[in-house]
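Residue numbers (this note's numbering): 5 to 193.
Ideal placement from N, C-alpha and C gives every residue a C-beta, glycine not left out.
For clarity, every value in this text was computed on a predicted model and none was experimentally measured.
First comes the structure, then the notes that go with it.
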Amino acid sequence: MEQILVLGMSGSLRRASYNTALLAAASELLPEGMTLERFDLSSIPLYNDDIRALGYPKPVEEFRDRIAAADSLLIATPEYNYSIPGVLKNAIDWASRPPDPPLNGKPVAIMGASTGDFGTVRAQMHLRQVCVYCNMFPVNRPEVLVMRAREKFDAGGRLMDEVARGFLRDLLAALFDWTRRLQKDSLNE
Ligand SMILES: Cc1cc2nc3c(=O)[nH]c(=O)nc-3n(C[C@H](O)[C@H](O)[C@H](O)COP(=O)(O)O)c2cc1C
Numbered sequence: 005m006e007q008i009l010v011l012g013m014s015g016s017l018r019r020a021s022y023n024t025a026l027l028a029a030a031s032e033l034l035p036e037g038m039t040l041e042r043f044d045l046s047s048i049p050l051y052n053d054d055i056r057a058l059g060y061p062k063p064v065e066e067f068r069d070r071i072a073a074a075d076s077l078l079i080a081t082p083e084y085n086y087s088i089p090g091v092l093k094n095a096i097d098w099a100s101r102p103p104d105p106p107l108n109g110k111p112v113a114i115m116g117a118s119t120g121d122f123g124t125v126r127a128q129m130h131l132r133q134v135c136v137y138c139n140m141f142p143v144n145r146p147e148v149l150v151m152r153a154r155e156k157f158d159a160g161g162r163l164m165d166e167v168a169r170g171f172l173r174d175l176l177a178a179l180f181d182w183t184r185r186l187q188k189d190s191l192n193e
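Shown next as structure tokens:
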């Protein structure tokens with residue numbers, strides 16, 4: 005069986021981001037047969053349809069190609085004002101446009117960390133809504149909601165909380181199964 009290649013991205017550009025640290029934790033908890041690569045969204049310019057009409061800027065082209073090459077996606081989203089950060093929405097907007105929008109039909113796992121008590125639940129629900137239009141297929145369960153992140157990561161940004169690590173491990177295993185299932189379905193079409 006071939007490896008499942010997952011492209012991970014964090015919706016935070018902050019150096020000490022808990023969400024970027026959550027992606028790093030995912031690298032330690034992958035099931036056998038899964039590889040995780042990461043894309044840094046800091047190179048993605050603001051969406052402008054005039055620019056798109058002239059041709060995708062290089063970093064956007066690279067982002068789109070990396071998504072197309074991946075079997076599935078792993079998105080770590082912060083919650084900004086009860087929604088997803090503009091950085092993440094902007095990147096999704098670029099990847100949702102023709103020709104051959106690379107997000108179309110992509111399996112995706114969603115997770116998030118916040119310093120507050122609700123662990124990005126509202127942002128994750130918004131992200132699921134965006135997935136509908138982009139025709140992405142999110143894993144439903146488990147939900148990885150890392151609340152009170154200051155207590156869950158150590159000073160070096162390592163996820164220390166065993167409960168959160170367990171949910172993350174289960175999410176990655178669910179993404180593995182979900183990706184294989186969708187691959188099988190598309191072979192049978
Ligand atoms: C503009 C802004 C809006 C925020 N809004 C929310 C919010 O709606 N809900 C919440 O739980 N935390 C909110 N926060 C706090 C974030 O959860 C916290 O800054 C978190 O550490 C951001 O993720 P990061 O560590 O990956 O950068 C907000 C932070 C910023 C900068």
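Mapping DSSP to helix, strand and coil, what is L40?
Your numbering for residue 40 matches position 36 in the sequence shown. Note: L40 maps to strand in three-state DSSP.
Does DSSP classify G12 as helix, strand or coil?
As a working note, residue 12 is residue 8 in the sequence shown. G12: strand per DSSP, three-state reduction.
M115 vs V148 beta-carbon contact at 8 Å:
For this step, residue 115 is matched to residue 111 along the sequence shown. For this step, residue 148 is matched to residue 144 along the sequence shown. Yes, the pair counts as a contact, with Cβ atoms nearer than the cut-off.
Quick check: Y22 and V150, are their CB atoms within less than 8 Å of each other?
Stepping through the sequence shown from its first residue, residue 22 is reached at position 18. Stepping through the sequence shown from its first residue, residue 150 is reached at position 146. For Y22 and V150, yes; Cβs fall inside 8 Å.
V112 and M129 closer than 8 Å at C-beta:
Counting from one through the sequence shown, the residue named residue 112 turns up at place 108. Counting from one through the sequence shown, the residue named residue 129 turns up at place 125. Judged by their CB atoms, V112 and M129 are not nearer to each other than the 8 Å cut-off.
For A117, write down the residues that DSSP places opposite it in a beta bridge.
Counting from one through the sequence shown, the residue named residue 117 turns up at place 113. In DSSP, A117 forms a bridge with V150.
Residues in the same chain with beta-carbon distance under 6 Å from F171, minus the five sequence neighbours each way, listed in chain order, please.
The residue given as residue 171 occupies position 167 in the sequence shown. Result list for F171: P146 and V148, in chain order.
Within the present structure, is the beta-carbon of G120 separated from the nearest heavy atom of ligand 2 by less than 7 Å?
As for ligand 2, it is missing from this structure, which binds only ligand 1.
DSSP three-state label for L163, please.
If you number the sequence shown from 1, residue 163 lands on position 159. Three-state DSSP puts L163 in a strand.
List the endpoints of the continuous beta strand (DSSP E) containing L50.
As a working note, residue 50 is residue 46 in the sequence shown. In the DSSP annotation of this structure, L50 is not part of any beta strand (DSSP E), being labelled neither H nor E.
Contact between the stretch 80-100 and the stretch 36-56 is defined here as three or more beta-carbon pairs at a separation below 8 Å; is this criterion met?
Judged by Cβ distances under 8 Å, the stretch 80-100 makes contact with the stretch 36-56, as three or more pairs qualify.
Measuring only the C-alpha atoms, how far is P106 from S76?
Residue numbering aside, residue 106 sits at position 102 when the sequence shown is read from its first letter. Residue numbering aside, residue 76 sits at position 72 when the sequence shown is read from its first letter. Each residue's alpha carbon lies about 11 Å from the other.
Does the Cβ of A113 lie closer than 7 Å to at least one heavy atom of ligand 1?
In the sequence shown, residue 113 corresponds to position 109, counting from 1. Ligand 1 has no heavy atom closer than 7 Å to the beta-carbon of A113.
Can you tell which of E36, Y60 and R126 has the C-alpha that lies nearest to the C-alpha of E6?
Taking the sequence shown and counting its residues from 1, one reaches residue 6 at position 2. It is E36.
Measure the CB-CB distance between G12 and E32 and report whether it falls below 8 Å.
As a position in the sequence shown, residue 12 is number 8, starting the count at 1. As a position in the sequence shown, residue 32 is number 28, starting the count at 1. No.
May I have the straight-line CA-CA distance separating V10 from D69, to the nearest angstrom?
Locating residue 10 in the sequence shown gives position 6, where the first residue counts as 1. Locating residue 69 in the sequence shown gives position 65, where the first residue counts as 1. Approximately 13 Å between the Cα atoms of the pair.
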